[in-house]
Every structure is written in C-alpha cells, then in structure tokens.
Amino acid sequence: MWHSRLVIVVRTTLYLLPVRKLIIAIVVLLAAHIALMIAGRGRGDATLDHSGTTIGIVFDVGGRGDKSFNDGAYAGADSARRMLGVTVRYIEPGDGSDRESGLRLLAAEKMNLVMGVGFIFTDDLTSLAREYPNINFAGIDLSLAYDSTGKLIPLPPNLAALKFREEEGSFLVGSLAALVGHSRKVGFIGGMDIPLIHKFEAGYTAGVKYVCPDCTVISQYAGVTPDAFKNPSRGKELALSQYQSGVNIIFHASGATGQGVFEAARQMHKLAIGVDADQYQEAPGYILTSMVKGVNAATFDVIRRVKDGSFHGGVYSFGLKEGGVGYVYNEHNKALIPDSVHARIEAIKALIIAGKITVPTTR
Amino acid sequence: MKPERREKIEEALFAPLVAILIAFVAGDILMLSFNQSPFVVWRLLLEGSWGNAYGFGQVLYKATTLSFTGMAVAFAYRAGLFNIGGEGQLAAGGLAAALVGFALPVGFPAILAILLGCLGAAAAGGVVGAVPGYLRVRFGAHEVITTIMLNFVVLALLNWFIATKLRVPETLHTPEIHAGAIPRLSAILPAFHGSAANLSVIAVIITAVAMWYYMFRTRGGYELRAVGLQPDAAEYGGISVRRVLFSAMTISGVIAGLGGINFVLGYKYYYEDGFAGGTGFLGIAVALVGRNNPFGILIAALFFATLSQGGLALNAFVPKQMVDVLQGVVIIAIAASVPEVQRILLGARKRLVDKPLSESAAAPTQPPAAAV
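Protein chains in written order, with this note's numbering: chain A, 430 to 792; chain B, 5 to 376.
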C-alpha cells in the first residue's frame, strides 16, 4: 500500500510545482513592494501645504515645451513661486474631459487661484467659476461672449480674462519691417484664418502704413483649421513665394508653421519676424525681431494680485503700456536695426502708450 | 482538479496577480527614482479615481468611451481583422450624434431623440467602417493600412466641416444640440455632482451583452469566429468569407461610432474638434487586455480609465512624465500577462530562434492567435 501512497504524494508535488513557482513569485514581489514602500517613506512633496497662497494651473493639451504659450505661463508662475513664495501646482491634461477634470481637482483642493491656459478653457472656466464662487479663476486668452446687441456678457465676478492687445506689438514690428526692409512690399503669414490672428495682421498693416503709406502688405494664411498652426511645409511654401515676389521681411503669427517661414528666410537670405516669444534661436541671423506676448508677465501679475488681495474678476487687457506685448531689441539683433530706426520705433511706442495712435484690431 | 481546469484557474488568477505585482514594484522603483514616496503616490492615484464619487464618475465616463472602442477592435479581431480606424469612426459618430441633435426641434421627446442620436452615431461609424471592409473584400486592400489612413481622411474632413460650417467663433466646437441630451448620473445620484458620467453606461452594457450573445450564441457569431480562426476552412465549410469580413468591419465601425454619444450627447452637448483624443487607439490595448471578450473589455476599460483619472489627480503633485511612464509600465506588465500576447511574443521568438531566416520566411504564417 505504501508505494501507491508515495506515488500519489510524488504526483501531487509534481502537479503543484508550477503553481508553487508562481506563489513564490507572488510572495517575493509582495515583499519587495512592501519593502520599497517603507523605504520610500518621507520622500517627495506630494502633499499640499495650505499655509501660503496656492495656485493651480491647467495647461492646454500639448502642454509644456511648446516654446510659446504654455511655457510662458509656466515661466510666469515659476517666477511667482520664487519671488512671491506661492505654491504652484500644474496639471497637463490628456483627453478632452481632462480639462474640466483638472480644473475641478484644483478647485476641490481649495486653491486660491485656478488658471486655464488657452481659449479652449473658456466654457469650463465660466461654469466652474459660477459653481465655486469663493475660488478665483483666470483664463489666458479667454474668449469673451457678446449678446445679440453686441454687448459683452459679463463674466462671473471671480473670473479674470487675461487678454492681450497683440495689435499694438504687431504695429511696432510692422513699422520696423517697413523701415529696415528696403522694399515697398512687406509680408505677413498667419496661421488659422480667425479673428484672433486678424488682430496681428491689422496692427502689422497699420504699422507698415504709418511709416510708409505707399508700401503694400502681402497677407496670407496657412489654412482655416487648427492644423494651420502646425504646418511648416505650407509656411515655407508661402514664404518662398512672398520672398520671390520682392518681399524682404515676413512677420508670421502662425505657431509651428513659422518654422517653415524661418527655413525659407534662411534659404533665401532674407529676414523673418518671430511671434509670442523671442524666436531668435530658431534661425540665428535671420530673425529681425520677435513680437513677444507676455504670457509670463500676465501670469505673474494675476498671481501677484491674488497674493496681495487686489484680485477681481473681469477683463485684464495687456498691451504696450502694461508690458504685456512688445518687440525684442537686444545684443542679438542690434546689428540689424540702425539706431535711428530704433529711436523712431521707441517714439511710436510712446505715442501708442499715450493714446496718440489708435491701433486697429480688425482688417 | 483536472489539469485543464487547474491551468485555467492558474492562468486566470495567478498570472494577472504576478503582473500587477511586477507593475507595483516597477512603479515603486520609478517613484523612488523621481524621489517620491511610493506609498503616497499609490494612495493619491487610488484616492483620485475610486476614492470619491467625483473621481469614480470620471472613471466611469472614461471607461464608457474606452469600452466602445475596445469592443469595436475586438469585434473585428474575432473575424481576423485589425480595425485601427476607431479614432475616425468614433469622431464621425460624435459629429453625427450632434447633427441629429441640431436637426431635431427643441422639446422633442427625450427618449426618442436619444435613440435617434445613437442611431446617427452608429450609422456614421458604420459607414466609416464599411469603407475599409469593402476595400478589403473587393480589392484585397489590407485593413490595417486602410483604417489607419482613413483616420486622417475622416478627421481632416470633420475638421474642415467644423471650421467652415458649424463653429462657434473663437472655439473649436459646434453650438449646443437642441435635443437628445443623455442625463448625467448626477441627476439620479447627486454624489456624482460635477462628473461627466452619464447614462451612456447603460448603452455600453447593452452593447456588451448584445455582442456576447451574437458572438457566442448565434450562427452569425459562429461564422465570424470561424472566419477569424481559419478563413479557408470556413470558406470550405460553406461560409461566405467576404460577406463576413465586410459585415464584421461595418459592425466594428458601428460600435466605435456609438462611443461618440458619451462625449457629445452625455457630456458637453456639442461636438468638439479632437474630442476623441486617442481613445480610438487606446481601444486596441483595451481589447487586448480584455482578451477580446465583451465583459473582459468592460473590466479592462475600467482599469485603463482608473489609470488615466488617477494619473490626472496625481499630476497635481508629481511631474507628468512620471505619470506617463507609470501608466506605460503598468500597461506593459498587465498586457504581457495576457496569454494571447504571450503566445505572440513566444511565437515570434520561436520563429527567430528555431528556424533559419529563409525557412521561416517560407513557412506559412500563423493565423492571428488571439482570435480564439
């Protein structure tokens, strides 16, 4: 009898062996997991310190690293963190519902200010501001809604719209392009054909005409869809044809499409004007200047207001006067701009700030 | 215990458990390398997803779309087809649902309007799915290529349509629909307040049950699986392979298109350019982990949605890169425990190791192993 029992025992053991291996693996992994969790105690800063002012920012889809918009907001918030001592939390959303969800998560944490970067946050910010009346909200480039009679529909009292007068900065670079271009033709390339970009074109054209009434501006757009902001080959195509027609300087307001404009400038040995941030590094030597949009300054400003208690809802407009827009003049492009021209541009800037020149916002 | 049964239990319980633990340990090491406390990070991830009603609602919302796209991939896969066009089919379904919502007058009976909206979404997805199906059976064009390419065509068309015909100025979306809004879960359970979860979850469950029934309890489903396993044998057995392939691709598109109702009718009440945001592609992973079974897909979709929502909650405290890598690590570990994936991986290794190149090239290619 004993040998039949032995056979059963041996067979059962063999039979269970593979399972044992898995059980051993499970025990080992579990032990490692617990050990690592204990080992990691006390690390990190994954808790929220509510003692100071807390700021929450949700970036646009695409997020940081765009060298323009989102990075500008990050830079502004980061200098606020260093100079004002505020705590800043960032969320980079994935799919469409993450935008609202990110704002909600920050609002639920009772942040002092919740910010959305980009016009795409307009709806979510407006409804959340109504739902959380005790929390301050701000949106960069927030779209404003108008009723049927053309009157502005008021924003909730705890929502700030940070808007830029891009036309003022564009006016200056337009004058600059006409003054140093040595040509009766100057170029403009827009991204998507929408009112926001028309502001750039309108200011630019007015700036050109202000210093050179008989100059013509050749304006072209890369397309009618959001993809028009990320189509460098189209940008290059448009720029090459403009340069060939006698244009010496092109101002682009077209996001990543502008990379193609710079490429064309490099190829044709002509000049281009950057947008949003100082784009000198994108094509050193071929960038006359850049029309900078101070998303960082606006972000810093709104955080400062929350910190010192002067925050209020409504439209905040940033132009030349507030340092919200401007043009680049530094050691990189000094050689391209004669001193007399620089003085002239500064004079025009002073006139705009003083309200002596009215810059159009539409074509 | 019979050996097959033991093997089944082992496969069903231990393998995923080991996979999850591997993911935990790999995640721990990752968090430590970012100088974060693993305990706190895991806790935040869970709290942000299942820890409160809002987070759970978001998980349900995300799982809804993922279930639809996952089931769409699985349906085609059972017939031996790879539908990578879920993204375009989903977006087309969303726009169709919105268009139905505009066409109907204000005050149209809600239930009818919702049904019509669903019908529109399904029809649009079906049309987008039928094109590669037709190209496959008529010209033998491989569906992997045609579905991928069709994504670009469909998304560009929708984009153009929105940009030129229907857009609210300074936004990327259409005006709100007049009728056909699907009630939010928060209308029934106030605890869900603010979350995007809506009664589209019912549509998901109905679709899953219907798909399971069709697949395993009807003649059509049997034919579909037979074609997926061995088309030549199916043809020999009297099944019209071309008809099955065409209808499988179309129905796959229908299921993906239905997913559009979740965002358009259930959440925002308008179509927004780019709302799909990769959900169509993630459906492939969901189908794989869900082992091409409708109910497995529901669980897999919940799992992916948890990672996504938990990751978002986590993002406020740790860098986005860590969240992304963590999600990737967990997905790889779980996916590697799926027997079908293991079979594919082992098969590939075997072919590389066992046979010289010339021979393996000449060897007949295996049918897709996952379509069992």
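Positions of the beta carbon are idealized from the N, C-alpha and C atoms, including for glycine.
Using the Cα positions of residue i and residue j, report the straight-line distance between them to the nearest angstrom.
{"i": "B/Ala100", "j": "B/Ser251", "result": "21 Å"}
{"i": "B/Ala83", "j": "B/Ile115", "result": "34 Å"}
{"i": "A/Glu775", "j": "A/Ala694", "result": "26 Å"}
{"i": "A/Ala727", "j": "B/Pro173", "result": "24 Å"}
{"i": "A/Gly505", "j": "A/Asn499", "result": "10 Å"}
{"i": "A/Arg792", "j": "A/Ile782", "result": "21 Å"}
{"i": "A/Ser674", "j": "A/Gly616", "result": "10 Å"}
{"i": "A/Ser530", "j": "B/Gln62", "result": "8 Å"}
{"i": "A/Lys519", "j": "A/Thr482", "result": "The sequence shown places Tyr at residue 519 of chain A, not Lys. Computed Cα separation, rounded: 15 Å."}
{"i": "B/Val205", "j": "B/Tyr58", "result": "16 Å"}
{"i": "A/Ile626", "j": "A/Gly619", "result": "6 Å"}
{"i": "B/Arg47", "j": "B/Glu180", "result": "38 Å"}
{"i": "A/Ile453", "j": "B/Ile336", "result": "22 Å"}
{"i": "B/Ala374", "j": "A/Leu535", "result": "Because B/Ala374 carries a pLDDT of 45, less than 50, the predicted location of this residue cannot be relied on, and the following value inherits that uncertainty. Whole-angstrom Cα-Cα distance: 42 Å."}
{"i": "B/Val141", "j": "B/Gly224", "result": "18 Å"}
{"i": "A/Phe550", "j": "B/Arg229", "result": "46 Å"}
{"i": "B/Ile166", "j": "A/Met512", "result": "44 Å"}
{"i": "B/Cys122", "j": "B/Thr222", "result": "24 Å"}
{"i": "A/Arg773", "j": "A/Leu601", "result": "10 Å"}
{"i": "A/Ser662", "j": "B/Gly242", "result": "53 Å"}
{"i": "A/Ser612", "j": "A/Ala606", "result": "9 Å"}
{"i": "B/Val132", "j": "B/Glu147", "result": "12 Å"}
Could you check which residue in the options has the C-alpha nearest to that of residue i?
{"i": "A/Asn725", "options": "A/Arg470, A/Arg663, A/Gly501", "result": "A/Gly501"}
{"i": "A/Ser739", "options": "A/Val690, A/Thr516, A/Leu542", "result": "A/Leu542"}
{"i": "A/Val653", "options": "A/Asp622, A/Lys659, A/Ala682", "result": "A/Asp622"}
{"i": "B/Ala185", "options": "B/Gly144, B/Leu286, B/Val104", "result": "B/Val104"}
{"i": "B/Gln93", "options": "B/Gly52, B/Leu48, B/Ile152", "result": "B/Ile152"}
{"i": "B/Leu49", "options": "B/Asn297, B/Ser341, B/Ala309, B/Ile336", "result": "B/Ala309"}
{"i": "A/Leu608", "options": "A/Gly579, A/Asn677, A/Gln649", "result": "A/Asn677"}
{"i": "B/Ile338", "options": "B/Ile26, B/Glu8, B/Tyr65", "result": "B/Ile26"}
{"i": "A/Gly743", "options": "A/His627, A/Phe566, A/Val456", "result": "A/Phe566"}
{"i": "B/Leu286", "options": "B/Gly137, B/Arg295, B/Leu21, B/Ala305", "result": "B/Ala305"}
{"i": "A/Met697", "options": "A/Lys592, A/Gly684, A/Ser670", "result": "A/Ser670"}
{"i": "B/Pro136", "options": "B/Leu34, B/Ala127, B/Asn155, B/Ala125", "result": "B/Asn155"}
{"i": "B/Phe220", "options": "B/Gln346, B/Gly90, B/Phe79", "result": "B/Phe79"}
{"i": "B/Phe321", "options": "A/Gln710, A/Ala706, A/Thr516, A/Val704", "result": "A/Thr516"}
{"i": "A/His681", "options": "A/Gly598, A/Asp489, A/Val438", "result": "A/Gly598"}
So which residues on chain B does residue i lean against when the C-beta distance must stay under 7 Å?
{"i": "A/Thr654", "result": "Asn163, Trp164, Ala167"}
{"i": "A/Leu554", "result": "What A/Leu554 touches in chain B: nothing, since even the nearest Cβ is about 13 Å away."}
{"i": "A/Pro661", "result": "Going along chain B, no residue has its Cβ under 7 Å from A/Pro661, so there is no contact; the nearest lies around 17 Å."}
{"i": "A/His462", "result": "Leu25, Phe28, Val29, Asp32"}
{"i": "A/Leu700", "result": "Under the 7 Å cutoff, chain B gives no residues; its nearest Cβ is about 31 Å from A/Leu700."}
Let's test the definition: count the other Cβ atoms within 10 Å of the Cβ of residue i and tell me whether it reaches 16, buried, or not, exposed.
{"i": "A/Asp656", "result": "buried"}
{"i": "B/Ala366", "result": "With a pLDDT of 44 at B/Ala366, under the threshold of 50, the predicted position of this residue should be treated as unreliable, and no value is reported."}
{"i": "B/Asn202", "result": "buried"}
{"i": "A/Asp553", "result": "buried"}
{"i": "A/Glu560", "result": "exposed"}
{"i": "B/Gly217", "result": "Note that residue 217 of chain B corresponds to Tyr in the displayed sequence, not to Gly. Label assigned to B/Tyr217: exposed."}
{"i": "B/Met1", "result": "Outside the shown range of chain B, which is 5 to 376, sits residue 1 of chain B, and nothing can be said about it."}
{"i": "A/Pro522", "result": "buried"}
{"i": "B/Asn39", "result": "exposed"}
{"i": "A/Tyr575", "result": "exposed"}
{"i": "B/Leu120", "result": "buried"}
{"i": "A/Pro642", "result": "exposed"}
{"i": "A/Asn563", "result": "exposed"}
{"i": "A/Glu760", "result": "exposed"}
{"i": "A/Leu780", "result": "exposed"}
{"i": "B/Ala183", "result": "buried"}
{"i": "A/Gly514", "result": "exposed"}
Please list the partners that residue i has in chain A, where partner means a Cβ-to-Cβ separation under 7 Å.
{"i": "B/Ile26", "result": "Leu458"}
{"i": "B/Tyr65", "result": "Ser526"}
{"i": "B/Tyr271", "result": "Ser526"}
{"i": "B/Ala317", "result": "Leu534"}
{"i": "B/Ser312", "result": "Gly523"}
At 8 Å on the CB atoms, spell out the chain B contacts of residue i, in chain order.
{"i": "A/Leu465", "result": "Val29, Asp32, Ile33, Leu36, Pro42"}
{"i": "A/Gly485", "result": "Ala320"}
In chain D, which residues lie with their C-beta within 8 Å of the C-beta of residue i?
{"i": "B/Gln346", "result": "The structure shown has no chain D; the protein chains it does contain are A and B."}
Could you list which residues in chain A have their beta carbon closer than 9 Å to that of residue i, in chain order?
{"i": "B/Pro173", "result": "Ser572, Ile623, Pro624"}
Whose Cβ in chain A lies nearer than 8 Å to the Cβ of residue i?
{"i": "B/Phe308", "result": "Going along chain A, no residue has its Cβ under 8 Å from B/Phe308, so there is no contact; the nearest lies around 11 Å."}
Cβ-based contacts, 9 Å cut-off: residues of the stretch 235-267 of chain B near chain A: Result list: Phe267.
Under 8 Å (Cβ pairs) to chain B, residues found in the stretch 517-550 of chain A: Those residues of the stretch 517-550 of chain A that come within reach of chain B (Cβ to Cβ, closer than 8 Å) are Arg518, Tyr519, Ile520, Glu521, Pro522, Gly523, Asp524, Gly525, Ser526, Asp527, Glu529, Ser530, Gly531, Arg533, Leu534, Leu535, Ala537, Glu538, Phe548, Ile549.
Please list, in chain order, the residues of the stretch 190-216 of chain B that have any C-beta partner in chain A closer than 7 Å. When C-beta distances to chain A are compared with 7 Å, the residues of the stretch 190-216 of chain B below that value are Gly198, Ala200, in chain order.
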